[in-house]
Amino acid sequence: MRTRSSELTVGIFVIVAAIALFFLAMKVSGLLGSNYGDTYTLTAQFNNVNGLKPRAKITISGVTIGRVTDIHLDPKTLQAEVVLEIDSNVKTIDDDAYAMVATNGILGEKYLKIVPGAGEKYYKAGDRITQTQGSMDIEDLINKFITGNAGANKTASATPAVQAQPDGFAEGF
Numbered sequence: 001m002r003t004r005s006s007e008l009t010v011g012i013f014v015i016v017a018a019i020a021l022f023f024l025a026m027k028v029s030g031l032l033g034s035n036y037g038d039t040y041t042l043t044a045q046f047n048n049v050n051g052l053k054p055r056a057k058i059t060i061s062g063v064t065i066g067r068v069t070d071i072h073l074d075p076k077t078l079q080a081e082v083v084l085e086i087d088s089n090v091k092t093i094d095d096d097a098y099a100m101v102a103t104n105g106i107l108g109e110k111y112l113k114i115v116p117g118a119g120e121k122y123y124k125a126g127d128r129i130t131q132t133q134g135s136m137d138i139e140d141l142i143n144k145f146i147t148g149n150a151g152a153n154k155t156a157s158a159t160p161a162v163q164a165q166p167d168g169f170a171e172g173f
């Protein structure tokens, strides 16, 4: 009888621990709803959001202030439109602030970083952040380095013309 009650106690403990672990994992991953009470939305358009996903965090000065709720293609501009859910306690995002897609570490997760400005007006619910900076792809950087296209603004007229002189010296230097 004693073994049966101890087995039952251990079984109940394991089930409760499994349920608690499940809810903790869901809360940490952001799948169990928002960590914020009231929120408002902003939108921003980017030329490249490679690697950014819905539920990615939004930070100002390293502090998480919201989450990305949706990413879709704007059919008119053919740019990625990102919908941001911002905590309503953060009411002072300057209208000259800019949003950029950043990476946690070298190969870490992508998130949105808002760099504050110095404006006197602030974004309100439904506004669009106009100044954005898209994602930098490490593959593109490596490809530019390998192919020698690091200076994309190079033109043929940028190098001086060298003309051979009859005496063997080059002119133009």
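In the UniProt record's numbering, the protein residues as written are 1 to 173.
Even for Gly, the Cβ is constructed at its ideal location relative to N, Cα and C.
Here the structure is a predicted model, which means the values were calculated and not measured.
Quick one: measure Cβ to Cβ for residue i and residue j, integer angstroms, because I've assumed they're closer than 8 Å.
{"i": "Thr147", "j": "Asp87", "result": "Not confirmed; about 44 Å, so no contact."}
{"i": "Val49", "j": "Ser135", "result": "6 Å"}
{"i": "Lys121", "j": "Asp140", "result": "Contact flag wrong, Cβ pair sits at about 35 Å."}
{"i": "Lys110", "j": "Leu52", "result": "4 Å"}
{"i": "Ile142", "j": "Tyr123", "result": "Rounded, the Cβ-Cβ distance is 36 Å, inconsistent with contact."}
Sort the options by Cα distance to residue i and report the nearest one.
{"i": "Gly126", "options": "Leu84, Asp96, Asn50, Ile71", "result": "Leu84"}
{"i": "Gln133", "options": "Tyr122, Ala17, Leu112, Gly108", "result": "Leu112"}
{"i": "Val28", "options": "Ala56, Pro116, Ile93", "result": "Ala56"}
{"i": "His72", "options": "Asp95, Lys144, Ile60, Asn47", "result": "Asn47"}
{"i": "Thr130", "options": "Ala18, Val16, Ser6, Gln79", "result": "Gln79"}
{"i": "Gln45", "options": "Ser6, Val14, Val82, Phe22", "result": "Val82"}
{"i": "Asp137", "options": "Asn89, Ile60, Thr3, Leu107", "result": "Leu107"}
{"i": "Lys91", "options": "Val10, Ser6, Ile60", "result": "Ile60"}
{"i": "Ile114", "options": "Ile58, Asn104, Pro75, Lys144", "result": "Ile58"}
Is any non-hydrogen atom of the ligand MG found closer than 8 Å to the C-beta of residue i, if you look at the structure I gave you?
{"i": "Glu81", "result": "In the structure shown, the ligand MG is absent, as is every other ligand, since no ligand is present at all."}
On the DSSP bridge list, what partners appear for residue i?
{"i": "Thr132", "result": "Ala99"}
{"i": "Tyr122", "result": "Asp94"}
Checklist entry - Mind pulling the beta strand (DSSP E) runs of 3 or more residues that sit fully within the UniProt domain "Mce/MlaD" (39-117)? => result 39-46, 57-60, 63-73, 80-87, 98-103, 110-115
Item to check | Stretch-stretch touch, CB-based, cutoff 8 Å, three pairs: the stretch 96-107 with the stretch 61-68 | outcome: no
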